[in-house]
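Every position in the sequence shown, counted from 1, becomes a number in the numbering used here once 1 is added.
A virtual CB, placed ideally from N, CA and C, is assigned to each residue, including glycine.
Nothing here was measured: the structure is a model prediction, and the numbers come from that model.
Report on the following structure.
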Amino acid sequence: MGTPHAEQVRGKWGWFLALGILMLIFGFFAFLNLFLATVASVFYIGAMMVVGGAFQFVHAFQVKGWSEAVFWGLSGLLYTLAGILAFWNPALTAAILTLFMAIALLVAGAVRTWIGIRMRPMRGSGWVIFGGVITMLAGLVIAIGWPVNSLWILGLFLAIDLTMQGWAMIAVALAARR
């Protein structure tokens with residue numbers, strides 16, 4: 002699949018605008034209630050895990066060989082149970098996901114900083130280092146506030162993402178309209 006041509010986007014600019022406005026509205030409501038947005042995020046992830054785990058469990062019976070069937074079955078069962086946990090105890094699931102997010106940001110930031118240092122004296126390496134340090138700081142702030150911030154941090158990320166995507170869609174729509 003290739004990139005869309007300007008004419009194709011121009012013909013659908015109204016849809017981009019509508020989608021952008023809708024995403025901005027959702028982002029606004031997510032900002033108004035970060036806890037509810039966190040719960041919605043956890044339920045969404047949980048639903049995906051239940052469906053994925055169920056398919057994986059069914060797949061286990063299609064695998065040839067006993068050891069592979071046991072592995073796929075156990076994997077599907079654990080994945081499904083983790084998804085059910087999201088519905089049974091969304092606060093615990095949010096705490097676990099928030100901790101994973103903090104760890105991932107710390108590790109990603111450290112790797113980016115290390116890459117930036119190795120890139121020196123190349124131009125732009127300072128920006129890579131700066132970005133890595135900021136990512137590490139975000140992970141550190143989340144880790145320091147954990148587990149209390151687990152009640153709102155996922156919702157904040159969702160609200161920011163919805164808002165940014167909304168503005169991006171509106172910008173595309175307005176650019177295509179011209």
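Pick from Q9, A96, Y80 that is closest to G156, judged by C-alpha positions
As a position in the sequence shown, residue 156 is number 155, starting the count at 1. Looking at the Cα atoms, A96 is the closest of the given residues.
Can you tell me which of the three DSSP states G146 falls into?
To locate residue 146, count along the sequence shown from 1; it is residue 145. Helix.
When DSSP labels each residue in this structure, what does M123 get in the three-state scheme?
Position 122 of the sequence shown, counting from 1, holds the residue named residue 123. In the structure shown, M123 sits in coil (DSSP, three-state: anything other than H, G, I, E or B).
Reference L106; option with closest CA among Q9, A144, V51:
The count along the sequence shown starts at 1 and reaches residue 106 at position 105. When only C-alpha atoms are compared, the closest one is A144.
Cβ-heavy atom distance between L79 and the ligand FMN below 6 angstroms?
Of the ligands one can find in the structure shown there are none, so the ligand FMN has no counterpart to examine.
The alpha helix (DSSP H) enclosing L178, as first and last residue numbers
In the sequence shown, residue 178 corresponds to position 177, counting from 1. One point to set straight first is that residue 178 is Arg, not Leu, in the sequence displayed. R178 -> alpha helix (DSSP H) spans 154–178.
Which same chain residues, not among the five before or five after A103, have their C-beta less than 7 angstroms away from its C-beta?
In the sequence shown, the residue the question calls residue 103 occupies position 102. If you ignore the 5 residues before and after A103, its C-beta comes within less than 7 angstroms of the C-beta of G140, I143, A144, W147, all in its own chain and listed in chain order.
The alpha helix (DSSP H) enclosing F29, as first and last residue numbers:
Along the sequence shown, read from residue 1 onward, the residue named residue 29 stands at position 28. Start and end: 14–33.
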